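Asks:
Residue numbers (our numbering), protein chains in the order written: chain A, 9 to 488; chain B, 13 to 269.
This is the structure we're talking about:
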């Protein structure tokens, strides 16, 4: 279909004001924040496919009509809301359409009896959180992208927040949703505390990154908001494995502080500006909730730490307070040359694994990356989301790229990622913990899923047979 | 050629807690605050390295030293400075360097005389107290000419080509050494990063520490100024009535002051 014809048809469905085909809007809507793309943009280069237009439906009905039209005409479609992707998941196909739900921005209902809030997909999480706080509630969901992310994208990427050890990830917070399939069918999964009526259909959309349907409405749990009852404490500990063992001990004994973070020595230097003891890792703990429970959790953590047998320095509560104050500041600088001014590409890669292997993965990556990747300038990691059976490691890395052409930043970046994901897969870990996998981790999906991988293809066949939604995300393209 | 760069590592004040701001004194414990090179000093350090690079490609010998005055120097900064090519990193260890511009300049001058440096690069801000006086006091102590608001310095055949900002505009001057150059807002806005390998090797190089005593200057009294932005919606429908409403609001605020 000719581009002009495509645009005309879309304008008839949503109105001309909501179909944008100027280059600036398309580039802005295609902007992904994966490290090498930030570097490329800082250097004035744009290597992203150019979509035909951006469509901004105003309601579910319009989403349905637009998708039905795009599906009928087999036009590649890239769903988007807040645009905080760091995995290339919102980069469009050439001459495709970006389906942007960010105008669908409304808190529909707060149900204080059933402790739920319903919002449309383009509702910014920061706005939702402030809206709830004024009424004495919280979502409990605090990803670092909070200033940017919208609820639709948060569900689609299976996101997690910084207080997840208490509140859980988005999969624990999601109650129900409404979504539109590729053929325009609107589906609603009702809001209930728990159901035993077949497979949990929410999980068709939770984490499928828009390749099985477009989420239009989300209902999440809410919790009482009592920041005045928090307990917090920080410690310095020698040795990352010691730190991992310590936090495992806290979690396995049944305590659930909202924040349990362990930053390695490299991150104490790079992220905390060397404010804490040298050659030590940094532990940050925060408990919140009912006052008595918070106090008991804090007391238990203090005792476990004191009796751990490790060499530990008590840093008091100010490090946690300071971290709380600045933890999302990165968002304000996403479009600034924060790293490229040093000639560097910097980014993160989060993986997860059982307790028995997480330390081994961390050590293997720390050894292998500097050996094999030239011009690394930083490599660190932290654990930030813990479970009874394991935790994540969020690797942070940077390398010098300025001595080579800009287009060589990406292959070098992928060299670092390859090592991290290989070492993770070797030891039974998972190659993505909470950012979504987007397009940049797709090639490892067969190894990640193993014999269960064909199930994803079956789902795709059933829900998006024409393959219009988010091509290249999660599914390796099969050769004809 | 011998180059000295005077630098500071300062707390990043965005990481200081509101509760500590409210009762802030030079004695307030803000050790938890993230540390970073002062931005102007970072420019000065990078400019020095670029001059070194240029002169070394011409086969000339260049020594670049970096010196700071304060209670301590974070190990990662020391490591980074050695890793990017500074030959010596010196800490003049003293208590309470804030609001002691003259005393700080005296100590740095003593170091500069000892090292017989041809060029001294500084930033333009003295600690978080920001008196902006140290480079000038240093020049006075050493009886050296000083060029402030420097944006760029490049080694040329007959001296140093210095781009600097004045009230009349941007000037490019070729100067003879010795001189002190105080770096301001420069397009060279960061010190280069060092590779992990270089950092590993630099980690073993010790810091040169010297104990110094500063005589106290008068410490001004600090008070917390509450500065909030507020938003008032003008409920009127027409522009004329909104203007009238805004005028009344501003009049009330003006009278209140």
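Glycine residues also receive a C-beta, built at the ideal position from the N, C-alpha and C atoms.
As the structure is a prediction and not an experimental result, all values here were calculated from the model.
With DSSP run on the structure shown, which of helix, strand or coil describes residue 243/B?
Replies: Correct three-state label for residue 243/B: coil.
Asks: From residue 195/B to residue 155/B, what does the alpha carbon distance come to, in whole angstroms?
Replies: Near 19 Å, if we compare the C-alpha coordinates of residue 155/B and residue 195/B.
Asks: Could you tell me the distance, in whole angstroms, from the CA atom of residue 16/A to the CA atom of residue 35/A?
Replies: Their backbone Cα atoms lie some 20 Å apart in a straight line.
Asks: Roughly how many whole angstroms lie between the Cα atoms of residue 180/A and residue 173/A?
Replies: C-alpha separation (whole angstroms): 11 Å.
Asks: So the candidates are 219/A, 244/A, 416/A, 399/A; which of them puts its Cα closest to the Cα of residue 467/A?
Replies: Measuring from the Cα of residue 467/A, the nearest candidate turns out to be 219/A.
Asks: Using a cut-off of 7 Å between C-beta atoms, extract the partners of residue 385/A located in chain C.
Replies: No chain C is part of this structure, whose protein chains are labelled A and B.
Asks: Along the segment 340 to 357 of chain A, what residues have a CB closer than 8 Å to any CB found in chain B?
Replies: Those residues of the segment 340 to 357 of chain A that come within reach of chain B (Cβ to Cβ, closer than 8 Å) are 349, 350, 351, 352.
Asks: Looking only at its own chain, which residues have a Cβ that is under 8 Å from the Cβ of residue 482/A, when we skip the five neighbours before and after it?
Replies: Cβ within range, chain order: 216, 217, 219, 445, 450, 453, 464.
Asks: I'd like to know if residue 322/A contacts chain B, where contact means its C-beta is closer than 8 Å to some C-beta of that chain.
Replies: Chain B, which has no Cβ nearer than 8 Å to the Cβ of residue 322/A, makes this no.
Asks: Around the C-beta of residue 264/B, are 16 or more other C-beta atoms found within 10 angstroms, so that it is buried, or is it exposed?
Replies: By the 10 Å Cβ count, residue 264/B comes out exposed.
Asks: Report, in whole angstroms, the separation of the C-beta atoms of residue 86/B and residue 46/B, which I expect to be a contact under 8 Å.
Replies: Contact doesn't hold; Cβ gap of about 10 Å is too wide.
Asks: Tell me which same chain residues have a C-beta within less than 8 Å of the C-beta of residue 53/A, skipping the five on either side of it?
Replies: So the list reads 414, 415, once near-sequence residues are dropped.
Asks: Quick check on residue 252/B: buried or exposed, where buried means 16 or more other Cβ atoms within 10 Å of its Cβ?
Replies: Classification for residue 252/B: exposed.
Asks: CA-CA distance, residue 394/A and residue 262/A?
Replies: Cα-Cα distance, rounded: 12 Å.
Asks: Using a Cβ cut-off of 8 Å (strictly closer), state whether residue 423/A contacts chain B.
Replies: No, no contact with chain B.
Asks: Helix, strand or coil: how does DSSP classify residue 243/A here?
Replies: Residue 243/A falls in the strand class under three-state DSSP.
Asks: So, are the CB atoms of residue 400/A and residue 430/A less than 8 Å apart?
Replies: It is not a contact, given that the beta carbons lie outside the stated cut-off.
Asks: Which chain A residues sit within Cβ distance under 9 Å of residue 26/B?
Replies: Residues of chain A passing the Cβ test: 333, 334, 337.
Asks: Determine whether the beta carbon atoms of residue 81/A and residue 156/A lie at a separation below 8 Å.
Replies: It is not a contact, given that the beta carbons lie outside the stated cut-off.
Asks: Would you decide whether residue 258/B is buried or exposed? Buried here means 16 or more other CB atoms lie within 10 Å of its CB.
Replies: When all chains shown are included, residue 258/B counts as exposed.
Asks: If you reduce the DSSP assignment to three classes, tell me which class residue 328/A lands in.
Replies: Residue state, collapsed to three classes: helix.
Asks: The alpha helix (DSSP H) with residue 36/A in it runs from where to where?
Replies: Per DSSP, residue 36/A belongs to the alpha helix (DSSP H) from 31 to 37.
Asks: Taking residue 184/A and residue 197/A to be in contact with their CB atoms under 8 Å, please state how far apart those CB atoms are, rounded to whole angstroms.
Replies: Right, the Cβ-Cβ distance comes to about 5 Å (below 8 Å), so this counts as a contact.
Asks: When burial is assigned at 16 or more other CB atoms within 10 Å of the CB, is residue 443/A buried or exposed?
Replies: Buried.
Asks: Can you list the residues of chain B that residue 378/A reaches, using a CB-CB cut of under 9 Å?
Replies: Within chain B, the residues near residue 378/A are 207, 208, 209, 212.
Asks: Quick one: list the residues of chain B neighbouring residue 280/A, beta-carbon separation under 7 Å, in chain order.
Replies: Simply 46.
Asks: Excluding five sequence neighbours on each side, which residues of the same chain lie with their C-beta closer than 7 Å to the C-beta of residue 28/B?
Replies: These residues qualify, in order along the chain: 42, 45.
Asks: Could you check how far apart the C-beta atoms of residue 101/A and residue 374/A are, in whole angstroms? I think they sit under 8 Å.
Replies: Not a contact, Cβ separation roughly 37 Å.
Asks: Quick check: residue 112/A and residue 67/A, are their CB atoms within less than 8 Å of each other?
Replies: In contact: residue 112/A and residue 67/A (Cβ atoms closer than 8 Å).
Asks: Look at the Cβ atom of residue 244/B, then the Cβ atom of residue 167/B, and state whether they are nearer than 8 Å.
Replies: Contact: no.
Asks: Determine the burial state of residue 119/B: buried for a count of at least 16 other Cβ atoms within 10 Å of its Cβ, exposed for fewer.
Replies: With 16 or more other Cβ atoms within 10 Å, it is buried.
Asks: Note down the Cα distance separating residue 22/B from residue 485/A, rounded to an integer number of angstroms.
Replies: Near 51 Å, if we compare the C-alpha coordinates of residue 485/A and residue 22/B.
Asks: Looking at the structure shown, is residue 129/A part of a helix, part of a strand, or coil, going by DSSP?
Replies: Three-state DSSP puts residue 129/A in coil, outside helix and strand.
Asks: If I measure Cβ to Cβ from residue 488/A and keep anything under 6 Å in the same chain, skipping five residues before and after, which residues do I get?
Replies: At residue 488/A the pLDDT is 43, less than 50, meaning the model places this residue with poor confidence; the figure from the coordinates comes in the next sentence. Once the five neighbours on either side are set aside, residue 488/A has no close Cβ partner at all.
Asks: Helix, strand or coil for residue 390/A, going by three-state DSSP, please let me know.
Replies: Correct three-state label for residue 390/A: strand.
Asks: Out of 299/A, 203/A, 326/A, 316/A, which has the shortest C-alpha to C-alpha gap to residue 292/A?
Replies: Of 299/A, 203/A, 326/A, 316/A, the residue nearest in Cα terms is 326/A.
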